[in-house]
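Asker: To start, I am sharing the structure in question, which I have written as C-alpha cells.
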Amino acid sequence: MAKERKGIEVSLAISEAVCQADVDVVSAYPITPQTHIVEHLSELVADGHLDAEFVPVESEHSAMSVCVGSSAVGARSFTSTSSQGLALMAEIFFITSSLRLPVVMALANRSLSGPLSIWNDHTDTMMVRDAGWIHVFVDNGQEAYDHIFWAFRVAEDKGVRLPVAVNLDGFIMTHMIEPIDFEDTELIKKYLPPHRMEGALHPDNPLSMGCFAMPEMYTETQAARDHALLNSYPVCLKAWDEWAALTGRKYLPIETYRTEDAEYCIVTMGSFGETAMNAIDELRAEGEKVGGIRIRLWRPFPFDDFFRAAAGKKYLIVLDRAISFGGPGGPVALEVRNALYKKTKAPTVVDYVAGLAGRDVAVNDFKKIILEGKAKAEKGKTKGYTLYGLRSS
Amino acid sequence: MEKFSVFSSRLVEKAEFFTSGHRACQGCAEALAVRHVLKALGRDTIVAMSTGCMEIISSPLPTTAWKVPWIHVAFENSSAVASGCESGMKAMMRKGKIPKKKINFVGMGGDGATADIGMGQLSGALERGHDMIYVCYDNEAYMNTGIQRSSETPWGASTTTSPAGRKSIGQHTQKKDMPKIAVAHHIPYVATACSSFPFDLMEKVKKASEIEGPAYVHVMSVCPTGWRIPTEEAIKYGRLIVDSCVFPLFEVVNGKYSMTYKPEKILPVAEYIKGQGRFRHLTPQMIEEIQEHTTREYEKILKMCEEG
C-alpha cells in the first residue's frame with residue numbers, strides 16, 4: 314500500500330494495518346462491535362492481499378488459544394474481540410502474558426452483560442486490567458491505525474515479549490468513517506522488522522512452555538512478569554519516538570491539553586478525550602482555567618508522566634466509563650487517587666462515571682461535569698462517585 | 031516400519047521422548063501410553079497438552095520430562111493450541127520465514143479435558159480440518175483431582191462424585207462415545223487404542239501422523255489409583271478391558287470401520303470387573319446388565335465393520 318489519505322471506517326483501517334504488518338495468523342470469532350475488523354481481514358486473506366492463516370474458531374476462548382499456539386511457534390499473531398468475548402477468553406488472556414507471547418489484540422470496548430448491551434463503555438477491559446498485558450487506549454481512527462504497528466513493535470521487542478491490547482471505544486470509533494493517513498508499506502517494514510522469536514517451539518530446539526509451579530516457584534514467576542511489564546515502559550516511549558520520526562505523528566503515555574496555566578483538569582481515557590477538548594475550549598472562553606489530561610498508556614501505568622501533568626493543579630475531575638461495584642468509584646479514579654496518595658500538594662480528585670453502555674456524553678455534558686465537579690471539589694464533597702445523568706425512577 | 035506387530039519390537043524407536051523421572055503414580059498406564067505415542071511420532075513433533083495428570087507429573091518447574099517441544103496452556107484448549115501451532119508453522123513455512131519440514135502437531139488431553147470441558151474446542155479443531163492429531167488418554171475419571179466422575183466414567187463405577195451408596199449404584203449413565211463423536215466430524219482417521227497393546231497403539235498413531243488432516247486417537251489408559259487395583263496390574267486390566275470387548279480396538283479410515291484386534295476368546299465382563307475397587311459394590315445382576323450392554327455395543331461395532 315502506498316502513502317495516501319482516505320476516508321475509511323476505523324475498523325477497516327485497523328484490518329488494513331494488520332495486513333501491512335504482514336501477520337501470519339489471524340484467529341477470531343465474530344462479536345459486535347468488533348466484527349468489521351475480522352470480516353475485513355478475512356476478505357483480505359480471501360483476496361490474497363494478506364498471506365496469513367485465517368482461523369475461524371468456534372469461540373473467543375479458542376481465538377486466544379489459537380493465537381497462543383501460533384505465537385508460541387513464532388508466528389506474528391493477531392486477534393480482536395469485545396465484551397462477552399473478552400470475558401470468555403479471559404482465562405487464556407492471562408496465560409498469554411504469563412507465557413510472554415507477543416500477541417496483539419484490538420479490543421473494541423463494550424459493556425458486559427447484564428442487561429445485555431452492545432454499546433460502548435470500559436467494563437470489559439477493566440475486567441482484565443491486571444492480566445499482565447500492555448494496554449493502550451486510542452482516541453481516533455488515525456491513532457487506532459498507527460497503534461497496530463506500535464503494538465507489534467513493542468510486543469515483539471526482545472526486552473518486552475508481552476501481549477498488547479489496543480483499546481478503542483466500540484461503535485464510537487469502530488463504526489466511524491474518518492480521514493486516515495495510510496503509510497507506505499515500505500515505511501512499515503522499516504518500522505516493524507520481520508518477527509524472529511527466540512525460544513519459539515520447534516523440534517530443532519525442544520523446550521517446555523507453560524509448566525506447572527510449586528509454591529516455592531510461583532512467586533518468582535509473577536515477579537518476573539511484573540518486572541517485564543514495568544520494563545516495557547521505555548520501549549513504549551522509544552517506539553512512539555521512532556514512529557514520530559518516520560511519520561511526524563507523536564504520541565505520549567499521558568497527553569495534556571491547555572494544562573500549562575490550568576487550575577484544574579478533567580482526566581479521561583479513550584474517545585472521551587476529543588470531546589473534552591471542545592468543552593475545555595468553550596469553558597476557557599468563559600474564563601474557566603481548565604485543562605485536559607488523557608491517559609493513553611494504561612498498563613504499565615505511567616506514574617511520573619501523570620505526576621508531571623497533574624502537578625500544581627487544585628482539582629482533577631476523573632471521568633470513568635466503568636464502575637468498580639461496591640468500591641470507592643470508577644477504576645481510573647481509583648488508580649489516580651492511589652497514584653497521588655502521600656504526594657505533597659496533591660490535587661483533590663472528584664470521580665464521575667458517565668457514558669455507560671453507549672449513553673451519549675456531548676460537549677455540554679462535559680461542561681456540566683467539569684463545573685459540577687469543580688463545585689464539589691471546592692466544597693470538599695469528594696466522597697464516592699457521581700453517576701452523571703442518572704434518571705431518578 | 032509399517033507394521034510393528036508383523037516385524038519386531040526391535041524396529042521400535044529406541045530414543046525416549048517422554049523420559050523417566052516424571053512424577054506419575056506407580057503403574058500409570060497413561061505415562062506408558064504417552065511414551066509409546068511419542069516413540070511412534072518421533073522427534074519432529076510439537077505437543078500441546080491439557081491440564082491434568084500428565085501436565086502435573088511431567089512439568090513441575092524447573093524440570094520437564096518432555097524431549098519434544100511441549101506447551102501447556104489450560105484444561106480445555108490443547109486442541110485449539112495445537113491447531114494454532116499448526117496454523118502458525120504452515121503460514122511461516124509457506125511464506126519462507128522458516129525452512130519447510132514435516133512436523134506432527136499433537137493435542138493431548140485426558141478424558142475430562144476431551145469429553146467434558148474441551149469438547150467444544152476439540153469439535154472446532156476437528157471441523158476446521160487442521161493437519162493435526164488429537165490423542166485422548168482415557169482413564170475414566172478426573173484422576174488428578176481425586177477420582178471424580180467424568181462423562182467417560184462407565185455405568186456402575188464408584189467415584190468421589192458418583193459414589194455408590196444405599197440409593198446409588200455409582201455412575202448412573204453410560205460412557206460418552208467419543209470415537210463416534212469424532213467420526214461424526216467426517217475426519218479422515220479415528221482409532222481406539224490401549225497401552226496394553228503397544229504395537230497396535232504405535233501403528234495407529236503412526237498412521238494418524240501420515241494421513242493428512244485431523245486424526246483422533248482414543249487411548250484407554252488404565253489408572254491403578256482410580257480403578258483401585260494393584261499397581262502392577264495396570265497392563266493386565268488393559269488387556270482385560272479389550273479382551274472382554276468393553277473397549278474394542280478398531281479404526282475408522284474415511285468413515286470406514288474396521289476391527290484391528292479381535293480377541294481369540296471373548297472373556298466375560300465379570301472377569302474384567304472383579305478385583306476393581308470401583309466396581310466392588312456391583313451385584314451379579316448389575317454385572318449381567320453391563321455384560322448385556324457390552325455385547326450389544328460390540329455387535330454394533332462389528333456390524334459397522336462388516337458394512338465397511
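Protein chains in written order, with this note's numbering: chain A, 314 to 706; chain B, 31 to 338. For every residue, glycine included, the Cβ atom is placed at its ideal position computed from N, Cα and C.
Hey, how far is the Cα of I608 (chain A) from the Cα of A558 (chain A)?
Answerer: Mapped onto the first sequence, residue 608 (chain A) falls at position 295. Mapped onto the first sequence, residue 558 (chain A) falls at position 245. Their Cα atoms are separated by approximately 22 Å.
Asker: Taking the alpha helix (DSSP H) that G118 (chain B) falls in, what are its first and last residues?
Answerer: For the purposes of this step, residue 118 (chain B) is taken as residue 88 along the second sequence, with counting starting at 1. Segment S108 to R124, the alpha helix (DSSP H) holding G118 (chain B).
Asker: Could you pull the start and end residues of the beta strand (DSSP E) that P507 (chain A) belongs to?
Answerer: As a working note, residue 507 (chain A) is residue 194 in the first sequence. From DSSP, P507 (chain A) is part of no beta strand (DSSP E); its letter is neither H nor E.
Asker: Using a C-beta cutoff of 8 Å, does M31 (chain B) count as contacting chain A?
Answerer: Counted from its first residue, the second sequence places residue 31 (chain B) at position 1. Any reading at M31 (chain B) needs caution, since the residue's pLDDT is 46, under 50, leaving its predicted position unreliable; the model's value is listed next. Not one chain A Cβ lies under 8 Å of M31 (chain B).
Asker: What's the C-alpha gap between E319 (chain B) and A300 (chain B)?
Answerer: For the purposes of this step, residue 319 (chain B) is identified with residue 289 of the second sequence, where counting begins at 1. For the purposes of this step, residue 300 (chain B) is identified with residue 270 of the second sequence, where counting begins at 1. Distance between the alpha carbons of E319 (chain B) and A300 (chain B): 11 Å.
Asker: Here's a check: name, in chain order, each residue in its chain whose Cβ is nearer than 6 Å to the Cβ of A330 (chain A), leaving out the five neighbours to either side.
Answerer: Stepping through the first sequence from its first residue, residue 330 (chain A) is reached at position 17. Closer than 6 Å at the Cβ level, and outside the excluded window around A330 (chain A), lie Y458 and I461.
Asker: Using 8 Å as the limit for Cβ to Cβ distance, is F391 (chain A) near chain B?
Answerer: The residue labelled residue 391 (chain A) in the question sits at position 78 within the first sequence. False, the Cβ-Cβ gap to chain B never drops below 8 Å.
Asker: Please name the residue or residues paired with P492 (chain A) in a DSSP beta bridge.
Answerer: Within the first sequence, numbered from 1, the residue matching residue 492 (chain A) stands at position 179. DSSP output for P492 (chain A) lists A:G320 as bridge partner(s).
Asker: Between which residues of its own chain and T255 (chain B) is the CB-CB distance below 6 Å, once the five residues before and five after are set aside?
Answerer: The residue given as residue 255 (chain B) occupies position 225 in the second sequence. Once the five neighbours on either side are set aside, the close Cβ partners of T255 (chain B) are C55.
Asker: Give the straight-line distance between the Cα atoms of M31 (chain B) and A421 (chain A), rounded to the nearest whole angstrom.
Answerer: What you label residue 31 (chain B) is simply residue 1 of the second sequence in a count that begins at 1. What you label residue 421 (chain A) is simply residue 108 of the first sequence in a count that begins at 1. Its pLDDT being 46, under 50, M31 (chain B) is placed unreliably in this model, and the value from its coordinates should be taken loosely. Rounded to whole angstroms, M31 (chain B) to A421 (chain A) spans 53 Å at the Cα level.
Asker: Does DSSP put D664 (chain A) in a helix, in a strand, or in coil?
Answerer: The sequence position of residue 664 (chain A) within the first sequence is 351, counting from 1. Residue state, collapsed to three classes: strand.
Asker: Between S375 (chain A) and A110 (chain B), how many whole angstroms is the CB-CB distance? I'm expecting something under 8 Å.
Answerer: Here residue 375 (chain A) is taken as the residue at index 62 of the first sequence, counted from 1. Here residue 110 (chain B) is taken as the residue at index 80 of the second sequence, counted from 1. About 4 Å; that satisfies the 8 Å criterion.
Asker: What does the Cβ neighbour count give for T581 (chain A), buried or exposed, with the cut at 16 atoms within 10 Å?
Answerer: If you number the first sequence from 1, residue 581 (chain A) lands on position 268. Answer is buried; the Cβ neighbour count reaches 16.
Asker: Taking the alpha carbon of K132 (chain B) as the reference point, which residue from B:K237, B:V272, B:L297 and B:M123 has its own alpha carbon closest?
Answerer: Here residue 132 (chain B) corresponds to residue number 102 of the second sequence, with the count starting at 1. That would be B:M123, whose Cα lies nearest to the Cα of K132 (chain B).
Asker: Short check: CB of V358 (chain A) to CB of T392 (chain A), under 8 Å?
Answerer: Here residue 358 (chain A) refers to the residue found at position 45 of the first sequence. Here residue 392 (chain A) refers to the residue found at position 79 of the first sequence. Result no, Cβ atoms of V358 (chain A) and T392 (chain A) do not sit closer than 8 Å.
Asker: Is it true that the stretch 525–537 of chain A meets the stretch 473–480 of chain A, where meeting means three or more beta-carbon pairs spaced less than 8 Å apart?
Answerer: Not touching, per the Cβ criterion.
Asker: Below 8 Å between beta carbons: does that hold for E46 (chain B) and R65 (chain B)?
Answerer: Indexing the second sequence from 1 puts residue 46 (chain B) at position 16. Indexing the second sequence from 1 puts residue 65 (chain B) at position 35. Against a cut-off of 8 Å, the Cβ pair of R65 (chain B) and E46 (chain B) comes out as a contact.
Asker: Closest to S274 (chain B) by CA distance: which of B:P293, B:H52, B:V252 and B:S288 is it?
Answerer: Taking the second sequence and counting its residues from 1, the one referred to as residue 274 (chain B) is at position 244. Nearest C-alpha to S274 (chain B): B:P293.
Asker: Chain A partners of D74 (chain B), CB-CB under 7 Å?
Answerer: Working through the second sequence from its first residue, we reach residue 74 (chain B) at position 44. The contacting residues are P516.
Asker: Can you check whether the CB of L425 (chain A) is closer than 8 Å to the CB of D443 (chain A)?
Answerer: As a working mapping, residue 443 (chain A) is identified with position 130 in the first sequence. As a working mapping, residue 425 (chain A) is identified with position 112 in the first sequence. Not closer than 8 Å, so no.
Asker: I485 (chain A) touches chain B at which residues, Cβ-Cβ below 8 Å?
Answerer: Taking the first residue of the first sequence as position 1, residue 485 (chain A) is located at position 172. Within chain B, no residue comes near I485 (chain A); the closest Cβ sits about 32 Å away, beyond 8 Å.
Asker: Give me the DSSP bridge partner(s) of D482 (chain A).
Answerer: Counted from its first residue, the first sequence places residue 482 (chain A) at position 169. DSSP, once it has assigned bridges, lists A:N422 as partnering D482 (chain A).
Asker: For I331 (chain B), collect the residues of the same chain with a Cβ closer than 8 Å to its Cβ; drop the 5 residues on either side in sequence, then sort them by chain order.
Answerer: Here residue 331 (chain B) is taken as the residue at index 301 of the second sequence, counted from 1. These residues qualify, in order along the chain: P278, F280, Y287 and M289.
Asker: Run through chain B and tell me which residues come within less than 7 Å of I501 (chain A), C-beta to C-beta.
Answerer: Taking the first residue of the first sequence as 1, we reach residue 501 (chain A) at position 188. Ordered by position in chain B, no residue passes the 7 Å Cβ test against I501 (chain A), which lies about 16 Å from the chain.
Asker: Which residues in chain B have a C-beta closer than 9 Å to the C-beta of H362 (chain A)? List them in chain order.
Answerer: Residue numbering aside, residue 362 (chain A) sits at position 49 when the first sequence is read from its first letter. Ordered by position in chain B, no residue passes the 9 Å Cβ test against H362 (chain A), which lies about 14 Å from the chain.
Asker: For L514 (chain A) and M439 (chain A), I'd like the C-alpha separation in whole angstroms.
Answerer: Walking along the first sequence from the start, residue 514 (chain A) turns up at place 201. Walking along the first sequence from the start, residue 439 (chain A) turns up at place 126. Each residue's alpha carbon lies about 32 Å from the other.
Asker: Out of A:F465, A:S355 and A:P566, which has the shortest C-alpha to C-alpha gap to R389 (chain A)?
Answerer: The count along the first sequence starts at 1 and reaches residue 389 (chain A) at position 76. Taking only the C-alpha atoms, the option nearest R389 (chain A) is A:F465.
Asker: From what residue to what residue does the alpha helix (DSSP H) around I608 (chain A) run?
Answerer: For the purposes of this step, residue 608 (chain A) is taken as residue 295 along the first sequence, with counting starting at 1. First-last for I608 (chain A): V603 to I608, but that is the beta strand (DSSP E), not the alpha helix (DSSP H).
Asker: If we define contact as Cβ-Cβ less than 8 Å, is E356 (chain A) a contact residue for chain B?
Answerer: Indexing the first sequence from 1 puts residue 356 (chain A) at position 43. Chain B, which has no Cβ nearer than 8 Å to the Cβ of E356 (chain A), makes this no.
Asker: Hey, P566 (chain A) and L610 (chain A) are a contact pair by Cβ (cut 8 Å); roughly how many whole angstroms apart?
Answerer: The residue given as residue 566 (chain A) occupies position 253 in the first sequence. The residue given as residue 610 (chain A) occupies position 297 in the first sequence. Right, the Cβ-Cβ distance comes to about 4 Å (below 8 Å), so this counts as a contact.
Asker: Could one say the Cβ of G243 (chain B) lies closer than 8 Å to chain A's Cβ atoms, at least one of them?
Answerer: As a position in the second sequence, residue 243 (chain B) is number 213, starting the count at 1. For G243 (chain B), the answer is no, since every Cβ of chain A falls outside 8 Å of its Cβ.
Asker: For A78 (chain B), which residues in the same chain have their Cβ closer than 6 Å to its Cβ, ignoring the five residues on either side in sequence?
Answerer: On the second sequence, position 48 is the one that residue 78 (chain B) refers to. Excluding positions up to five away in sequence, the list reads I101, S108, V111, A112 and G137.
Asker: Which residues does DSSP pair with E281 (chain B) in a beta bridge?
Answerer: Your numbering for residue 281 (chain B) matches position 251 in the second sequence. E281 (chain B) is bridged to B:A221 and B:S288.
Asker: Against chain B, with Cβ distances strictly below 8 Å, would S340 (chain A) count as a contact?
Answerer: To locate residue 340 (chain A), count along the first sequence from 1; it is residue 27. Yes, contact with chain B.
Asker: Apart from the five residues on each side of it in sequence, which residues of its chain come closer than 7 Å, Cβ to Cβ, to V441 (chain A)?
Answerer: Residue 441 (chain A) sits at position 128 when you count from the first residue of the first sequence. Once the five neighbours on either side are set aside, the close Cβ partners of V441 (chain A) are L399, A403 and F406.
Asker: Just the Cα atoms here: how many angstroms apart are F367 (chain A) and V338 (chain A)?
Answerer: Numbered from its first residue, the first sequence carries residue 367 (chain A) at position 54. Numbered from its first residue, the first sequence carries residue 338 (chain A) at position 25. Going from the Cα of F367 (chain A) to the Cα of V338 (chain A) covers about 6 Å.
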